[in-house]
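Residue numbers (my numbering): 49 to 306.
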């Protein structure tokens, strides 16, 4: 089964759920949209982030089976720099450096300190550790939010594999201890990377292989995860990137919890 096929299968339950809920929750959704219709600037930016599929490569213990993979059980998972393997596993992810900051906010845009984010992503060639690459667990890590509700990771720009728009996955937990202790996440979602910056990166760095070609075949509006949002929703789910190929990039995003 291809990586895209696994992603699509993992997203089917979410699509069925959304379809089944559409009529029953129609009035509630319209009410919620109406209450937000006048939101401007900061309030709009702090809207609750949508739930998205984990995909088939979360390594958070949710896969099931006789031996589910769960890096949250491993010593050293709480780390800012996720480019190398940990807990006795080697390997270092090559790619354009990324300093990522995610700001967690609640209702009224209030900061959410003391929460935690588990982040995972594919590497420059589109592979996920522990699944496509069984010998390493790089590009996975957990960080607590500071007093301002911010978590920070040092990573790389992910590649674009066939059938998916460039993205990373994350889960938000009530605390780092909750994540390590097996609690259910408060939110499971994904963040997209901006098209123009990805084109510059993929076209200028040979380590990204077929990423540019894959991106040209699939704009964000056709992605099976982000494509079901309107352009404004897609923009809210897209990281803001600054930087260049020489110095690396800084990425920021606001994630809202209902």
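All residues carry an ideal CB built from backbone N, CA and C; glycine is no exception.
Predicted, not measured: the structure shown is a model, and the values here were computed from it.
Around residue 198, the same chain offers 149, 151 as residues with beta carbons nearer than 6 Å, after the five sequence neighbours per side are excluded.
Residue 266 sits in coil when the DSSP states are folded into three classes, being neither helix nor strand. Residue environment for residue 225: exposed (fewer than 16 other C-beta atoms within 10 angstroms of its C-beta). Taking C-beta separations shorter than 7 Å and ignoring five residues to either side along the sequence, the partners of residue 253 in its chain run 144, 293, following chain order. Between the segment 176-185 and the segment 152-159, the count of C-beta pairs closer than 8 Å stays below three; the two stretches do not touch. According to the DSSP assignment, residue 301 belongs to the beta strand (DSSP E) that extends over 296-304. As a beta-bridge residue in DSSP terms, residue 164 pairs with 192, 221.
Going by DSSP, residue 145 is part of the beta strand (DSSP E) stretching over 145-153. When the alpha-carbon of residue 137 is set against those of 212, 277, 185, 289, the nearest one is in 185. Out of 295, 268, 102, the CA that lies nearest to the CA of residue 204 is found in 295. The three-state reading of DSSP puts residue 283 in helix, counting H, G and I together. With fewer than 16 other Cβ atoms from the protein chains shown falling within 10 Å of its own Cβ, residue 140 counts as exposed. Collapsing the DSSP output to three states places residue 274 in a helix.
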